[in-house]
Each structure stands twice: as structure tokens, then as C-alpha cells.
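With the working numbering, the residue at position 86 of the sequence shown is 88, and numbering never jumps.
One structure is given here, and the rest of the page talks about it.
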Amino acid sequence: MDSASFTGIVSGIALIIGAILIGGDIHNFWNLPGIMIVFGGTVAATLITFQLKDVLRAFRAAAFVFREKKRDPNDMVETMVELCTLTRRQGLIAIGKVEFQEQNGFLRKACNLIADGSKEDNIRDTLNIEIESLKQRHMIIQDIFRKMAMYSPAFGMLGTLIGLIQMLSQLSNPETIGPAMAVALLTTFYGVLFSTLLFLPIAGKLKDRTLNEVIMLETIFEGAISILSDNNPLSLYDKLSAFIPESQRRPLQRGGLGKSL
Numbered sequence: 003m004d005s006a007s008f009t010g011i012v013s014g015i016a017l018i019i020g021a022i023l024i025g026g027d028i029h030n031f032w033n034l035p036g037i038m039i040v041f042g043g044t045v046a047a048t049l050i051t052f053q054l055k056d057v058l059r060a061f062r063a064a065a066f067v068f069r070e071k072k073r074d075p076n077d078m079v080e081t082m083v084e085l086c087t088l089t090r091r092q093g094l095i096a097i098g099k100v101e102f103q104e105q106n107g108f109l110r111k112a113c114n115l116i117a118d119g120s121k122e123d124n125i126r127d128t129l130n131i132e133i134e135s136l137k138q139r140h141m142i143i144q145d146i147f148r149k150m151a152m153y154s155p156a157f158g159m160l161g162t163l164i165g166l167i168q169m170l171s172q173l174s175n176p177e178t179i180g181p182a183m184a185v186a187l188l189t190t191f192y193g194v195l196f197s198t199l200l201f202l203p204i205a206g207k208l209k210d211r212t213l214n215e216v217i218m219l220e221t222i223f224e225g226a227i228s229i230l231s232d233n234n235p236l237s238l239y240d241k242l243s244a245f246i247p248e249s250q251r252r253p254l255q256r257g258g259l260g261k262s263l
């Protein structure tokens, strides 16, 4: 897990638990029926809204983005520069024989298109379709968690209404009103907690990873077109470095292969 995610999760949980312990007994904030209403209702509403395969893919993606670190665009810039140098020395067909250390289907497809002698327009269309398809898939996954962040407070309020109805049905026993009201309000607490500490952060993290992935793909796309039309490593480096903030750019290494080769 990347350090920012780990720090955020641990500090968020610690602050909430600490505040609860300062003010009272943490057991007062546990209510299984309330959790079932909020989490179960949120998942049910999400399944109604989206296809099952998309929901399952979203859960897998959430686990992945918190487990894996972002990729450094500098590595891809170096890789494309090295590929450009290779084709300049050995011709375009040599790019199709390169073995990469990391599996990257998009990069492999771009290299194969160049090696096969595809026209520039065909390469542009093929790679653009891949990029747009990735954006659409990622957008659906992000939307799933944004919808869950919207549903969970609503189901929290629903649980509170259920608790209030049950409480009002027992007004003949005044001693039960206070505890019953506390239990009723817990579902609202759960709804807000799941929304702000779970679903919205996941959606934000997925958006950040999508931007990172798109930068990587755009780097490959522009690199492939430049290799086909210009074939100048230094000008390619200057062009691709524009995708990276100046403070994060890595100087071009002379000699050797990029980390992805």
C-alpha cells in the first residue's frame, strides 16, 4: 500500500476511535442491524444501478489501487527514447522484437503496429480507441463508488427512521427512549462514515490512478507516432517530458536501456 493511503486510513480511523473513547464507551457505537441496513442497502442499490460485472470489477480495482504504487512516467519516457534510438540504428522492424521487463499490452501493441509497417493514421486510430476505452471503463468504476457515497447516507437516514418508528412504538416505557434514540442515530453515523472515509476516498484514488494511467498511455502514443515520423531521440525526450511537471522530470540517461525494457 502506498504511504499516503496507509497514513490516511490509519489516521482517520485512529482519530474517530480516539474521539469516541474520549467521550464515552466505544461499544455504544456498535450496532449490527444498523451496519446491515447501511452497507447492505448501499450494495443492493449499487447492484440495481450497475451491472454485476462492473461492480465486481470496481471492488477489485479498489483493492488494487490501494495495494499498488503509481507508476513513474519518467520510466516510460526513457523507454520510448530507447526504442527510438533502437529503431534509428536498426530500423523500425527491430521494435517488434524487443522484450519488456514489465507486461504492457498497450506498449506491445504500439510496437507491433510500427514493426508491421502500419500507416500513421491506422496507428493513431487504433491507439486512440484503446485510450478512450480505458477512460470509459475507469469512469464507470469511479462512478460506482461516487454513487455508493451518495447512497450510504440515504440508507443511514432510512435506518434512523426505522429506529425512530420502533422507538415511538415503545413510548409507554420512558426508560427505553434514550437508548433507542441512540441506536436510531447510529445508522446515520454509519452512512456518513462509509461515505466520507471509504467510498469517496476510493473514488478519488481511482481518479488519480486513471490520470496516471492515461499519462502513461499518452506517452506511449506520442512516442510511437514520433518514432514513426521523426525518429529523433532528443526531440522525442523533449516532447514526452512535457507530460511530467518540471520539478519531477528525470534527466535523460545516456546509454543503457529504460527500466521497462
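Positions of the beta carbon are idealized from the N, C-alpha and C atoms, including for glycine.
Note that the structure is a prediction, hence the values are computed from the model and not measured.
Ordered along the chain, which non-local residues of its own chain (more than five positions away) have a Cβ less than 7 Å from that of residue i?
i      : result
LEU259 : Residue confidence is low: LEU259 scores 45 on pLDDT, short of 50, so the model does not pin down where it sits. Its coordinate-derived value is still stated next. Cβ within range, chain order: GLU84.
TYR192 : GLY36, ILE37, VAL40, GLY158
ALA60  : ILE143, ILE146, PHE147
LEU242 : VAL79, MET82, THR221, GLU224, GLY225
Output the distance between the C-alpha atoms of residue i and residue j, rounded to the nearest integer angstrom.
i      : j      : result
ILE204 : PHE147 : 7 Å
ALA6   : ARG69  : 11 Å
ILE131 : ASN124 : 11 Å
ASN175 : GLN168 : 12 Å
PHE52  : THR44  : 12 Å
THR48  : PRO35  : 19 Å
ARG91  : ASN233 : 10 Å
SER262 : THR9   : Because SER262 sits at a pLDDT of 46, beneath the cut-off of 50, its placement in the model cannot be relied upon, and the point is left open.
ILE15  : LYS149 : 23 Å
ILE97  : LEU58  : 37 Å
ARG252 : TYR239 : 11 Å
GLN172 : ALA182 : 9 Å
LEU254 : ARG73  : 18 Å
ASN33  : LYS55  : 31 Å
PRO247 : THR190 : 42 Å
ASN106 : LEU195 : 37 Å
GLY26  : ILE50  : 39 Å
SER13  : LYS111 : 42 Å
Using 8 Å for Cβ pairs, my map puts residue i next to residue j. What's the rounded Cβ distance?
i      : j      : result
ARG223 : LEU129 : The question names Arg, but residue 223 is Phe in the sequence shown. Indeed they touch by this definition, with Cβ atoms about 5 Å apart.
GLN144 : LYS209 : 6 Å
LEU202 : ALA151 : 5 Å
CYS86  : PRO235 : 5 Å
LEU109 : PHE102 : 7 Å
ARG126 : ILE227 : 7 Å
SER231 : SER197 : Incorrect: roughly 49 Å between the Cβ atoms, too far for contact.
Using the beta-carbon count (16 or more within 10 Å), is residue i buried or exposed?
i      : result
HIS140 : buried
LYS207 : buried
LEU213 : exposed
ALA244 : exposed
ALA46  : exposed
SER135 : exposed
SER237 : exposed
ILE24  : exposed
ILE229 : buried
LEU17  : exposed
Beta-carbon within less than 8 Å of residue i's beta-carbon, same chain only, minus the 5 sequence neighbours each way: which residues are those?
i      : result
ILE19  : ILE28
LEU187 : THR162, GLY165
ALA184 : ASN30
VAL100 : LEU85, LEU88, CYS113, LEU263
Please work out which residues of its chain come closer than 6 Å, Cβ to Cβ, to residue i, disregarding the five sequence neighbours upstream and downstream, and give them in chain order.
i      : result
ILE22  : ILE28, PHE31
ARG211 : VAL67
ILE133 : LEU219
LEU170 : none
SER249 : none
LEU199 : GLY14
GLY42  : none
Consider the C-beta atom of residue i and the heavy atoms of the ligand ATP; say whether any pair is separated by less than 6 Å.
i     : result
THR51 : The ligand ATP is not part of the structure shown, which contains no ligands of any sort.
So, do the stretch 111-124 and the stretch 155-168 have three or more beta carbon pairs nearer to each other than 8 Å?
no
Quick check: the stretch 209-221 against the stretch 75-85, are there 3 or more CB pairs under 8 Å? yes
Should the stretch 170-185 be called in touch with the stretch 51-65, which here means at least 3 C-beta pairs below 8 Å?
no
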